[in-house]
Amino acid sequence: MQKLLLLGDEAIAQAALDAGLSGIYAYPGTPSTEITEFVQNSRFAHENHIHSNWSTNEKTAMESALGMSYAGKRAMVCMKHVGLNVAADPFINSAITGANGGLIVVSADDPSMHSSQNEQDSRFYGKFALVPILEPSDQQEAYDMVHYGFEFSEKYKVPVLMRITTRMAHSRSGVARKAEIRKQNDLKMPSDLRQFVLLPNIARKRYKNLLRDHSSFITESESSPFNKYIDGPDKSLGIIVCGIAYNYLLENFADRNVPHPVLKIGQYPMPRTLVEKMADECDEILVIEDGYPVVEELLKGYLGRGLKVKGRLDGTLPRDGELNPNLVAVALGKPDTFGLPVPELVVGRPPSLCSGCPHIDSYYALSETLSALSNGRVFSDIGCYTLGALKPYEAINSCVDMGASITMAKGAADAGLIPAVAVIGDSTFTHSGMTGLLDAVNDKSPITIMILDNGTTAMTGGQDSPGFGKIEEICKGLGVEEAHIRILKPLKKYHDENVAIMKEELAYAGVSVIIPRRECIVAIDKRIRDKFRNK
Amino acid sequence: MKKDIILAGVGGQGIISIASIIGYAALEQGMFLKQSEVHGMSQRGGDVSSNLRISHNHIASDLIPFGQADMIISVEPLESLRYLPYLSGEGWVITNTRPFNNIPNYPDIDKVIEEIAKVPHHIALDAEATAKEAGSTKATNIVILGAASPFLGMAYEKLEDAIRFIFRKKGDKIIDMNLIALKAGRDFAEQHM
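In order, the protein sequence lines correspond to chains A and B.
Quick note: the first sequence, position 505, residue 1838 per this note's numbering, numbers continuous.
Quick note: the second sequence, position 170, residue 280 per this note's numbering, numbers continuous.
Put into structure tokens, the structure is as follows:
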């Protein structure tokens, strides 16, 4: 079969479809978004009734996927790394319940924080939950691993975590598909209907099962096609290399022959016997891994008195940030390579709010409203509107995690910062803001919450917003007084009117919700182009 | 044959289209390809770049090492300079000279052009004006691709075929306009190499 040119994300989605997927669940998040979008755009998926609608957040996605697995079908759940924090509760517990139909959890890490607020390493979560982890080194492996992962998940009745990074997710290369498309599983209940009931006495048994199986996972890792021990003559150094870092290693040897023994890791827990072999025959070990020094710490131990291990912890490689071929060259003691320096006149070009973006008008009105008060009162959230932190707006003072705007404003108001303002997008509000709003309502907190409603999940490319058309009903339902739910149109011509409304609500000593509502300019553009195309 | 290419521009300027056309042409010739793209936050008017590697042999890294790119293809002059650390001594910069000015501190454009002129091997043209003559400023990226075409190590016709394929759903008029834009860029490069 001819090779397809696929992003890592697309290779994972294509593999899932070919492996008998019945449903994919996700909330959009860079760099994971394209996995679900690929399924949404697939005719095959539509014809075969494969579920692919967006979930409200990663926790609901994880739980829905677990439910599909319970019913015997193959399910995938996808998120960016910080999404796994949101889904952590069901994720960790799914290791205890185990799976029924194959269940793969894809978490896309973002070393160097290209589009994220941290660079946490999802492999920690895999280890924490005691589940097997797959980490591809290229797009073909990503494709193959999904098939393997579903089989593994059904063999051991355990969820499998697949860890990718931005570079894997958003890089394209040729992928050969399997010749046969596997049929979806039939509906099939778990053989033990108490398997998923985590009452303490059941959970204790399930946990013992997981611990027992964990030693099998190590054995599986030792014979896995994704873990390879490649011998080399120069035993002064052994190299353990994880996931995509393998490519950076090979790049440094023109003939692809590394003179040292190399242990290429694509499946965890770590293959113990292979690591022992390397420790026995090599003087020291270099660990090359993107993300945190997970393997390096494991080998080194707390006191570091055993093996001689080099990597991110001793400065052989940088402690933070994404790896690249040059960093690996230097770690190998090879000469670094340089091009021309960047001329001094080159300035940064940070992302910015689009011309015509409704958030611009919202921020100008808000900043004027607050101009008479001391600075530092605006708690914001995750989305395009986070760019309001930059010049020329400089309108917000926090961005921490999905939904934190409302609850941080509440906490600051509790401390005496009155008025405090929260700025959150419509999709972020339904993702994780609603529960915080209920806290504020129950406490009658003197905060003003701006829900910037542009009708879409804009930052990740304009996906459906789960609360579309329901925002004020949700606020009412949570107990916000109707008189203090104000809807405005963020346009320059209504600026004075909007400022007046904001002033009124800031003066109110209770929960106010202001909803500046205007469609995202990029979404309008896309809508019009689609309309034109379909004519 | 192996070409390591840095594509540069500002979010929305169509560098992924350039990559798709070169990529399609390379695959049609049975070459290997790796292309790393930028998605997400930087697409909102920020600087964007893509690493495109094509080769008759297996390609290891998704990222091009510093000092080893055969060319920087840029749809924006300031952006062409940002990636100079990737360029090899023999490498070419092919860039638009028309600035995309969406930042308050954009440097003097004449000084930017002077810096481009200091790069030993470069092709600099007002691709927007050339594209307008060809039919639409929307083909600015294709003019730049045309200007880069003599350095790609593949037959010009392969790029024409790739344009016909990539734009196949957009109709003959769009295809023809893009082919004219490609040729205009090519002609400029051949006169200025």
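By construction, the Cβ of each residue, glycine as well, lies at the ideal position given by its N, Cα and C atoms.
query	result
Proximal residues to A:Leu-1467 (C-beta, below 6 Å), its chain only, five neighbours per side dropped	Met-1478, Gly-1482, Met-1495 and Gln-1600
Contacting residues, own chain, Cβ-Cβ under 6 Å from A:Leu-1463 (five flanking each side not counted)	Ala-1428, Leu-1543 and His-1547
Enclosing alpha helix (DSSP H) for B:Asn-357 [first to last residue]	Chain B is shown from 111 up to 303; residue 357 of chain B falls before or after that span and cannot be answered.
Residue-level contact to chain A via CB, B:Ser-198, 9 Å cutoff	yes
Per-residue contacts from A:Ser-1445 into chain B (C-beta, under 8 Å)	Result: empty, since nearest Cβ-Cβ is about 11 Å, beyond 8 Å.
Proximity to A:Pro-1594 [Cα-Cα], best of A:Leu-1607, A:Pro-1602 and A:Asp-1588	A:Leu-1607
Per DSSP, the bridge partner or partners of A:Gln-1783	Note on residue identity: the sequence assigns Met, not Gln, to residue 1783 of chain A. A:Val-1756 and A:Ile-1847.
Assumed close pair A:Leu-1570, A:Leu-1619 - CB separation to whole angstroms, cut-off 8 Å	6 Å
In DSSP terms, what A:Leu-1354 is bridged to	A:Arg-1407
Three-state secondary structure (DSSP) of A:Met-1778	Rather than Met, the amino acid found at residue 1778 of chain A in this sequence is Ser. The answer is coil: DSSP assigns A:Ser-1778 none of H, G, I, E or B.
Alpha carbon of A:Tyr-1579 to alpha carbon of A:His-1817, nearest angstrom	57 Å
Identity of the residue in B:Glu-243, B:Pro-214 and B:Asn-206 nearest A:Ser-1304 by Cα	Chain A is shown only over 1334 to 1868; residue 1304 of chain A falls outside these bounds and no answer can be derived.
Closer than 9 Å to chain A by CB, B:His-149	yes
DSSP beta-bridge partners of B:Leu-162	B:Ile-115 and B:Gln-145
A:Leu-1596 in three-state terms, based on DSSP	strand
C-alpha distance - A:Tyr-1726 paired with B:Asn-212, whole-angstrom precision	15 Å
Distance between beta carbons of A:Gly-1400 and A:Ile-1383, contact taken as under 8 Å	About 15 Å separates the two Cβ atoms, so there is no contact after all.
C-beta neighbour in chain A for B:Gln-145, strict 9 Å	yes
Cβ-Cβ separation, A:Ile-1834 to A:Ile-1847 (assumed contact under 8 Å), whole Å	7 Å
Length of the line joining the Cα atoms of A:Tyr-1489 and A:Arg-1515	19 Å
Proximity below 9 Å, CB of B:Leu-197 to CB of B:Gly-177	yes
Partners in chain A for B:Val-54, counting only beta-carbon separations shorter than 7 Å	The question about residue 54 of chain B has no answer, for chain B in this structure spans 111 to 303.
Spatial distance of A:Leu-1640 from A:Lys-1610 (CA atoms)	13 Å
Inter-residue Cα distance where the pair is A:Ala-1662 and A:Glu-1513	41 Å
With 16 other Cβ atoms within 10 Å as the buried cut-off, status of A:Thr-1552	exposed
Bridge-paired residues (DSSP) for A:Leu-1467	A:Met-1495 and A:Gln-1600
A:Ser-1455, DSSP secondary structure in three states	coil
Inter-residue spacing [alpha-carbon to alpha-carbon] between A:Thr-1781 and A:Leu-1824	20 Å
Reference A:Glu-1838; option with closest CA among A:Ile-1563, A:Ser-1455, A:Arg-1819 and A:Ser-1440	A:Arg-1819
Simplified DSSP assignment, three categories, for A:Ala-1359	strand
Length-filtered (3 minimum) beta strand (DSSP E) runs lying within the stretch 1603-1635 of chain A	1617-1621
Chain B contacts from the stretch 1493-1507 of chain A (Cβ-Cβ distance under 9 Å)	Thr-1499, Arg-1500, Met-1501, Ala-1502, His-1503, Ser-1504, Arg-1505, Ser-1506 and Gly-1507
Cβ-based burial, A:Ile-1563 [other Cβ within 10 Å; buried from 16]	exposed
A:His-1764 and A:Gly-1744 closer than 9 Å at C-beta	no
Opposing strand residues paired with B:Ile-204 [DSSP bridges]	B:Ile-183 and B:Ile-233
For A:Ala-1475, the nearest candidate out of A:Val-1419, A:Ala-1404, A:Gly-1416 and A:Pro-1558 (CA to CA)	A:Pro-1558
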